[in-house]
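In what follows, a structure is listed as structure tokens, so that the remarks can point back to it.
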Amino acid sequence: MNRIKYIGSTFLRMLSLLIAVSILSFILVTSSPIDPLTAYVGTESTLSEAAKEEIAEHWGLNDPPVTRFITWGKNVLQGDLGTSITFKQPVKTVILERFKYSIVLMLVAWVFSGVLGFIIGILAGVYKGSIFDKIIKIFCLALQSAPTFWIGLLVLSLFAVKLGWFPIGLAAPMGKLSSDITIWDRIYHLILPALTLSVLSIGKITLFTRQKLIEIMNSDFILFAKARGENTAQLIMRHGIKNIALPAITEQFASFSELFGGIALAETVFSYPGLGTATTAAGLKGDVPLLLGIAIFSAIFVFVGNFIANILYGVLDPRLKEEGYNA
Numbered sequence: 001m002n003r004i005k006y007i008g009s010t011f012l013r014m015l016s017l018l019i020a021v022s023i024l025s026f027i028l029v030t031s032s033p034i035d036p037l038t039a040y041v042g043t044e045s046t047l048s049e050a051a052k053e054e055i056a057e058h059w060g061l062n063d064p065p066v067t068r069f070i071t072w073g074k075n076v077l078q079g080d081l082g083t084s085i086t087f088k089q090p091v092k093t094v095i096l097e098r099f100k101y102s103i104v105l106m107l108v109a110w111v112f113s114g115v116l117g118f119i120i121g122i123l124a125g126v127y128k129g130s131i132f133d134k135i136i137k138i139f140c141l142a143l144q145s146a147p148t149f150w151i152g153l154l155v156l157s158l159f160a161v162k163l164g165w166f167p168i169g170l171a172a173p174m175g176k177l178s179s180d181i182t183i184w185d186r187i188y189h190l191i192l193p194a195l196t197l198s199v200l201s202i203g204k205i206t207l208f209t210r211q212k213l214i215e216i217m218n219s220d221f222i223l224f225a226k227a228r229g230e231n232t233a234q235l236i237m238r239h240g241i242k243n244i245a246l247p248a249i250t251e252q253f254a255s256f257s258e259l260f261g262g263i264a265l266a267e268t269v270f271s272y273p274g275l276g277t278a279t280t281a282a283g284l285k286g287d288v289p290l291l292l293g294i295a296i297f298s299a300i301f302v303f304v305g306n307f308i309a310n311i312l313y314g315v316l317d318p319r320l321k322e323e324g325y326n327a
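Quick note on UniProt numbering: the sequence shown kicks off at 1 and runs consecutively.
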């Protein structure tokens, strides 16, 4: 019964979130100083006023904002997100085609930042107070405060432009047929964007793991284990990692939404054809249908991701499950 109530309340929260996101996004998008019609035809267009008026009528740009929102809402309930002014395709098609690139990028960055941050955090916790620990703390704090686009430009300038180790951008080599593109080509073009995106959470998980390990190593049961003759390596492997793994996984799951939020800047820097670059292009063009579609999709993605994470927490630790259901 508690589980049914939990799922029901979660669904109601998601529905409320979607309504709020829809209204707020529509207000923000329609308040933009960019004229969608001018962005669509261009400032130097030779189209007649009658032709421009016909285009505006076709896109519903002459309707009052409330009428446009109601019409858009009815279409969304029927599964129609509209047509993108920028890409001249259904919004649903644009989102699905772009998202497959973005999800791969996010997963690679998420795994990389989680594994590397966990390992570095353990080392920093073991050597607490050392020069290595101090350098790691300063480095992590600097990464957390650095803008994503600045890190992307730095990585791009160093590894792609100066050293020439990686391509400057895109998801595949230019001028190469899609049938000739290999998995290695995809991976090769994915490394720098994933490295940039992973910086968003690697500092956070490192400092979190370090702090948790220090707390555990100062606990009473560790003192008892030391009294039994266990050395540092045994204490870390038998007690440290075992007790910090679940909190670290929880923290890393919480950072997934942060990665999704930073993907637009990372993809834009590397011209990576994901959802982030589509958002940037839609914003510059005043593409209301695509911007609203991406906003709704993003809200659903983040909410469902957090919901799945909560379910996984309950599987990993029954105490969390009971707390979640009884909350």
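Glycine residues also receive a C-beta, built at the ideal position from the N, C-alpha and C atoms.
Everything numeric in this text was worked out from a predicted model, so none of it was measured.
Beta-bridge annotation (DSSP): Thr86 is not paired with any residue. The beta carbon of Gly60 sits closer than 6 Å to the beta carbons of Arg68 from its chain, once the five residues preceding and following it are set aside; these are given in chain order.
Counting the other Cβ atoms within 10 Å of the Cβ of Leu223 gives fewer than 16, which makes it exposed. With at least 16 other beta carbons inside 10 angstroms of its own, Gly117 counts as buried.
Between the region 260 to 272 and the region 80 to 93 there are fewer than three C-beta pairs closer than 8 Å, too few to call the two in contact.
Counting C-beta pairs closer than 8 Å gives fewer than three between the region 294 to 301 and the region 228 to 237, which falls short of the contact rule. At a Cβ-Cβ threshold of 8 Å, Leu213 and Ile122 count as neighbours. Taking the Cα of Pro167 as reference, the smallest distance to any Cα among Leu156, Val304, Tyr40, Phe256 is reached at Leu156. Secondary structure within the region 47 to 78: the alpha helix (DSSP H) runs of 4 or more consecutive residues, fully enclosed, are 49 to 59, 65 to 77 (chain order).
Using a 10 angstroms sphere on the CB of His189, the tally of other CB atoms reaches 16 or more, which defines it as buried.
In chain order, Val269 place their CB closer than 8 Å to the CB of Leu153, counting only its own chain and leaving out the 5 sequence neighbours on each side.
Assignment of Lys128 by DSSP, reduced to helix, strand and coil, places it in the coil class. In this structure, the alpha-carbon of Ser31 lies about 58 Å from that of Arg238. Comparing C-alpha distances from Ile244 to each of Glu258, Thr38, Gln211 shows the shortest one belongs to Gln211.
Within 10 angstroms of the beta-carbon of Gln252 lie 16 or more other beta-carbons, which makes it buried. For Glu215, the uninterrupted alpha helix (DSSP H) segment begins and ends at 183 to 217.
By the Cβ test, the region 269 to 281 is in contact with the region 190 to 205, since at least three Cβ pairs between them sit closer than 8 Å.
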